[in-house]
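Going by UniProt numbering, 344 is the number at position 344 of the sequence shown; the sequence numbering is gapless. First comes the structure, then the notes that go with it.
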Amino acid sequence: MDVLNKLYCTVSSTVSQFSTVLPGNPVTREYEATNHIASAGPGLLWKIFSGYKKSTHQEASIFLLEKKQLDRLTKNDREAVLDSLRKSISQLSRLRHPQVLVVQHTLEESRDSLAFATEPVFASLANILGKVDNVPVPIPPQIDNFNLFEVEIKYGLLQVAEGLSFLHNDVKLLHRNLCPHNIIVNKEGAWKIFGFDYSAHCISGSEAIVRWPTVEFAIDVHALAQPDLDFIAPESGLSGTLLPSSDIFSFGMLIYSLYNKGQPLQYNNSNWTSFNQNVTKLKRISTNDLHSVPAAIRDIVKMMLNFVPEIRPDLHEFLKSEFFEDVGVKTLSYLDSLFQWDNLQKSQFYKGLPTVIEKLPQRVSLFRIIPCLSKEFVNPTMVPFVLPSVFAISEGCTKEEFTQYILSYLKPVLRMQEPVQILLICMQKMELLLKLTPADDVKSDVLPLLFRSLESNSQQLQELCLSVIPTFAALIDYPAMKNALIPRIKKLCISTNHTSVRVNCLVCLGKLMEYLDKWLILDDVIPFLPQIKSREPAVLMSIVGIYKIVLSHKKITIPKEVMAGQILPFLIPLSIENSLTLNQFNAVIGVVKDMVAMVENEHRAKLEQLSSIQEQQKSLDISASSIVNGLDITSTSASKQNDDFHDLFKVKSANPPSRTESKPLNFQEKQTLSKQNELQQRLQSEPVISPTPVLSSRAANPPRDLTATLIDNNLKQMNLSSSNVSVKKSFPTSFPNANSASPSFPASNFAMATNFSMNSANPSMNSAVRSPPQAPSLPSSSFSTPNPSSLAPAAFFTANYTSPTLPSAAPTQSKLPTKQLTYSEINDFLN
Numbered sequence: 001m002d003v004l005n006k007l008y009c010t011v012s013s014t015v016s017q018f019s020t021v022l023p024g025n026p027v028t029r030e031y032e033a034t035n036h037i038a039s040a041g042p043g044l045l046w047k048i049f050s051g052y053k054k055s056t057h058q059e060a061s062i063f064l065l066e067k068k069q070l071d072r073l074t075k076n077d078r079e080a081v082l083d084s085l086r087k088s089i090s091q092l093s094r095l096r097h098p099q100v101l102v103v104q105h106t107l108e109e110s111r112d113s114l115a116f117a118t119e120p121v122f123a124s125l126a127n128i129l130g131k132v133d134n135v136p137v138p139i140p141p142q143i144d145n146f147n148l149f150e151v152e153i154k155y156g157l158l159q160v161a162e163g164l165s166f167l168h169n170d171v172k173l174l175h176r177n178l179c180p181h182n183i184i185v186n187k188e189g190a191w192k193i194f195g196f197d198y199s200a201h202c203i204s205g206s207e208a209i210v211r212w213p214t215v216e217f218a219i220d221v222h223a224l225a226q227p228d229l230d231f232i233a234p235e236s237g238l239s240g241t242l243l244p245s246s247d248i249f250s251f252g253m254l255i256y257s258l259y260n261k262g263q264p265l266q267y268n269n270s271n272w273t274s275f276n277q278n279v280t281k282l283k284r285i286s287t288n289d290l291h292s293v294p295a296a297i298r299d300i301v302k303m304m305l306n307f308v309p310e311i312r313p314d315l316h317e318f319l320k321s322e323f324f325e326d327v328g329v330k331t332l333s334y335l336d337s338l339f340q341w342d343n344l345q346k347s348q349f350y351k352g353l354p355t356v357i358e359k360l361p362q363r364v365s366l367f368r369i370i371p372c373l374s375k376e377f378v379n380p381t382m383v384p385f386v387l388p389s390v391f392a393i394s395e396g397c398t399k400e401e402f403t404q405y406i407l408s409y410l411k412p413v414l415r416m417q418e419p420v421q422i423l424l425i426c427m428q429k430m431e432l433l434l435k436l437t438p439a440d441d442v443k444s445d446v447l448p449l450l451f452r453s454l455e456s457n458s459q460q461l462q463e464l465c466l467s468v469i470p471t472f473a474a475l476i477d478y479p480a481m482k483n484a485l486i487p488r489i490k491k492l493c494i495s496t497n498h499t500s501v502r503v504n505c506l507v508c509l510g511k512l513m514e515y516l517d518k519w520l521i522l523d524d525v526i527p528f529l530p531q532i533k534s535r536e537p538a539v540l541m542s543i544v545g546i547y548k549i550v551l552s553h554k555k556i557t558i559p560k561e562v563m564a565g566q567i568l569p570f571l572i573p574l575s576i577e578n579s580l581t582l583n584q585f586n587a588v589i590g591v592v593k594d595m596v597a598m599v600e601n602e603h604r605a606k607l608e609q610l611s612s613i614q615e616q617q618k619s620l621d622i623s624a625s626s627i628v629n630g631l632d633i634t635s636t637s638a639s640k641q642n643d644d645f646h647d648l649f650k651v652k653s654a655n656p657p658s659r660t661e662s663k664p665l666n667f668q669e670k671q672t673l674s675k676q677n678e679l680q681q682r683l684q685s686e687p688v689i690s691p692t693p694v695l696s697s698r699a700a701n702p703p704r705d706l707t708a709t710l711i712d713n714n715l716k717q718m719n720l721s722s723s724n725v726s727v728k729k730s731f732p733t734s735f736p737n738a739n740s741a742s743p744s745f746p747a748s749n750f751a752m753a754t755n756f757s758m759n760s761a762n763p764s765m766n767s768a769v770r771s772p773p774q775a776p777s778l779p780s781s782s783f784s785t786p787n788p789s790s791l792a793p794a795a796f797f798t799a800n801y802t803s804p805t806l807p808s809a810a811p812t813q814s815k816l817p818t819k820q821l822t823y824s825e826i827n828d829f830l831n
């Protein structure tokens, strides 16, 4: 929130400044001011704003002076200051030189302000040296704690000397106020002369003898309306004499202040009395007083600050100083004069430039060299010589710096298709380009360059492009890789006539495997390899290499169907190519064996799994059928005694299927088991039914005569077969057969069953004769046999019946008439 508030305050204050000052100035019709960045001129009265021209959006700087800053002055002083400022800009507008600030729009004056537009400006030298009057608060980061490099100072002084030489020799003009306030450093780092408030032209004379005017120093004028006393020459201040050597003195004092943290040798505080006192000290100046100045230039600076004008060196002697014998200074000087050279001279210079760039500060290379090199991009012949230096500087840039200061110049070059050398150099630096270029510009400018290289007719360019693609593959987004890059590599591999290009295509594809997903490999790469008709050993081994990479890749698994149906039918014929060496044959066969083993293991595992699933399914089906059948009622063994009769009705449940670790019971199986357990618990909770002995009750209560009478009557009415059927239906089918031991069956129960069967018999039952069950054999030991003569026939039958084995009835129905047995026949039958 604090950041937003600070931003709001900054924007609102800037807008308020513009709304109160600039809208009334005609400069605002053509230029738009954005940020307040620096200050310059006498007393740093000029505020410098960054901006641009509205019609062309060309970058510019706008100098603004608010007249309210002069309200503290008297009317005469105020007018004197304004007059000097108007004169300065008027003179500056008429000068055209590389070391003089370029004016783009002349001075415009309104009721509240003065304003004009210039080339883009960084700051004044006074701001860089720590003088920040009339600079926005907080101080802009570009000038806060700004430190000049030695090469910047050397070349800056060289530029100022060349500018002064132009003024003195060509224009016949004296500056008269050369100081850090009037030196402007532009956006490219070049030093420009500014502040011609008190400049003076020569009066007359031949070229051999030039006469300069005499201008007495006005003591009663405000300091802003007169030259800076800290930098003015003694003769100009004392006698008003103007000479070119007067500017040389000011220039020497400027050099001293550069190496003395911005402080001049004499600090007069705009006081005339102090100036008179300090001037006399210049007569006794020594080398020790200049200890902060580098030794290479110390002596010449001492001469420049000499009290006697004639002893001071001229600018040509200054420029010949060994101080400027620096490779960086010479390089920057050559760049400024390149427009005078032919292409051969330029090419020789550009070839050695990358080695010099390594020794220069990055700021100098970025702001000073790049603008000079960019001027050569319009000449396709020189672009191959310039590009290495541009890329050498780009390696030290951040992404923001590259985008802001280099990419705009480089885009036209990236779109060139000829000459091939340009594409070759760009291919070598493709990784750097992709690293520094924003994503949108990569898609619009960098990747098309890559695709053009693949589609070119140059074998060297194609091979270089294929060799460098894997180095920056991680920087290419997946859609571009899938839809643009891979298809072009495949097309080039099939269409090329050069074996080396085809091999490089396959090697490139092999290196790109780790950046591709499984489906892209299976759908695009694997089916593509059999389409290659070439049978050169290098091509075959490259194909085998791709298969080996895919097989050994941790994230990629080739299905056995693909290996068995596509790859192996293609590889096996390749293994018997006569052009292969023994090692190459072993490599191919090794891959084939690996694939066969993988297919075998995978398919065997699948079949084993299917078999296991089928066995489990069968066991589950058997378990389910046993659960559905429910409970099995089993009879007990014949070896049990009469007191175990109840075991005939005991429930025997099927064992539940064992749970396997691989497949748990499903819901239906669990539900069936739950019902089975409930039934078992319910049956176990029922009381055990034990048959009570009947013989004792029989002995106590002998059969009544009514039973015998009923038996006799029934026997007279039924034939033997119907009697057999009745006997069959009276016995349960679950009894054991006659051969097995039978449990005890009381005679009274048998008589009751016989009585029931005979009473329920009717003519309709005789038509449905069923197979009679085997009657249980009743052991004789279960009864005490009475005397047959003493018993009635019915009683005798009841007491002595020993379970005869009844013949089986015919399966068909019998409708023959039956004959009733007599009483004697029945007795005979029973006996």
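Virtual Cβ for every residue (Gly too), placed ideally from N, Cα, C. All values reported here derive from a predicted model rather than from experimental measurement.
As assigned by DSSP and simplified to three states, the class of residue i
| i | result |
| --- | --- |
| Gln-263 | coil |
| Leu-577 | It should be noted that the sequence gives Glu, not Leu, for residue 577. Reduced to three states, the DSSP call for Glu-577 is coil. |
| Ser-394 | helix |
| Val-100 | strand |
| Ala-190 | coil |
| Leu-204 | Contrary to the premise, residue 204 reads as Ser rather than Leu in this sequence. Reduced to three states, the DSSP call for Ser-204 is strand. |
| Lys-555 | coil |
| Phe-122 | strand |
| Thr-106 | strand |
| Thr-812 | Summary for Thr-812: the model assigns pLDDT 41, below 50, so the residue's position carries little reliability; its value from the coordinates is reported in the next sentence. Of the three classes helix, strand and coil, the one that applies to Thr-812 here is coil, per DSSP. |
| Glu-216 | coil |
| Ile-357 | helix |
| Arg-86 | helix |
| Arg-211 | strand |
| residue 832 | Here the chain has residues from 1 to 831 only, and residue 832 is not among them. |
| Ile-826 | helix |
| Asp-594 | helix |
CB contact flag (residue i, residue j, <7 Å)
| i | j | result |
| --- | --- | --- |
| Leu-290 | Val-308 | no |
| Leu-107 | Ile-89 | yes |
| Ile-232 | Arg-312 | no |
| residue 840 | Phe-323 | With the chain running from 1 to 831 in the structure shown, residue 840 is simply not present. |
| Phe-194 | Ile-184 | yes |
| Asp-230 | Asn-276 | no |
| Leu-434 | Lys-399 | no |
| Lys-560 | Val-599 | yes |
| Val-81 | Leu-224 | yes |
| His-168 | Pro-244 | yes |
| Val-27 | Ala-115 | yes |
Identified DSSP bridge partners for residue i
| i | result |
| --- | --- |
| Phe-63 | Ile-48, Phe-116 |
| Arg-111 | BP columns for Arg-111 are empty, so no partner. |
| Ile-184 | Ser-124, Lys-192 |
| Ala-38 | Ile-48 |
| Ala-33 | Gly-51 |
| Leu-173 | His-201 |
Residue i Cβ short of 6 Å to the ligand NAP heavy atom set
| i | result |
| --- | --- |
| Arg-488 | For the structure depicted, the ligand NAP is absent and the ligand set is empty, with no information on it obtainable. |
Cβ contact check for the stretch 459 to 468 and the stretch 416 to 434: 3 or more pairs under 8 Å:
The stretch 459 to 468 vs the stretch 416 to 434: in contact.
Can you list the alpha helix (DSSP H) stretches of 4 or more residues lying completely in the stretch 462 to 544, in chain order?
Counting only unbroken stretches of 4 or more residues, the alpha helix (DSSP H) elements lying wholly within the stretch 462 to 544 are 486 to 495, 499 to 512, in sequence order.
Could you tell me whether the stretch 154 to 166 touches the stretch 91 to 107, where touching means 3 or more Cβ pairs closer than 8 Å?
yes
For the stretch 127 to 135 and the stretch 34 to 42, state whether three or more C-beta atom pairs, one from each stretch, are separated by less than 8 Å.
yes
So, does the stretch 570 to 588 touch the stretch 530 to 550, judging by three or more C-beta pairs under 8 Å?
yes
Hey, which unbroken runs of the alpha helix (DSSP H) at 4 residues or more fall wholly within the stretch 233 to 309?
Complete alpha helix (DSSP H) runs here, min 4: 234 to 238, 244 to 259, 272 to 279, 295 to 304.
Contiguous alpha helix (DSSP H) assignments of at least 4 residues, all confined to the stretch 384 to 465
407 to 414, 420 to 428, 430 to 436, 447 to 455
Three or more C-beta pairs closer than 8 Å, one from the stretch 471 to 485 and one from the stretch 512 to 519: is that the case here?
These segments touch.
Evaluate the contact criterion for the stretch 192 to 202 versus the stretch 171 to 179: three or more CB pairs, one atom per stretch, below 8 Å.
yes
Could you say if the stretch 331 to 341 and the stretch 363 to 374 meet the contact criterion of at least three C-beta pairs nearer than 8 Å?
yes
Count Cβ pairs between the stretch 144 to 152 and the stretch 210 to 217 that sit closer than 8 Å; are there 3 or more?
no
Any contact between the stretch 503 to 512 and the stretch 539 to 552? By contact I mean 3 or more CB pairs, one from each, below 8 Å.
yes
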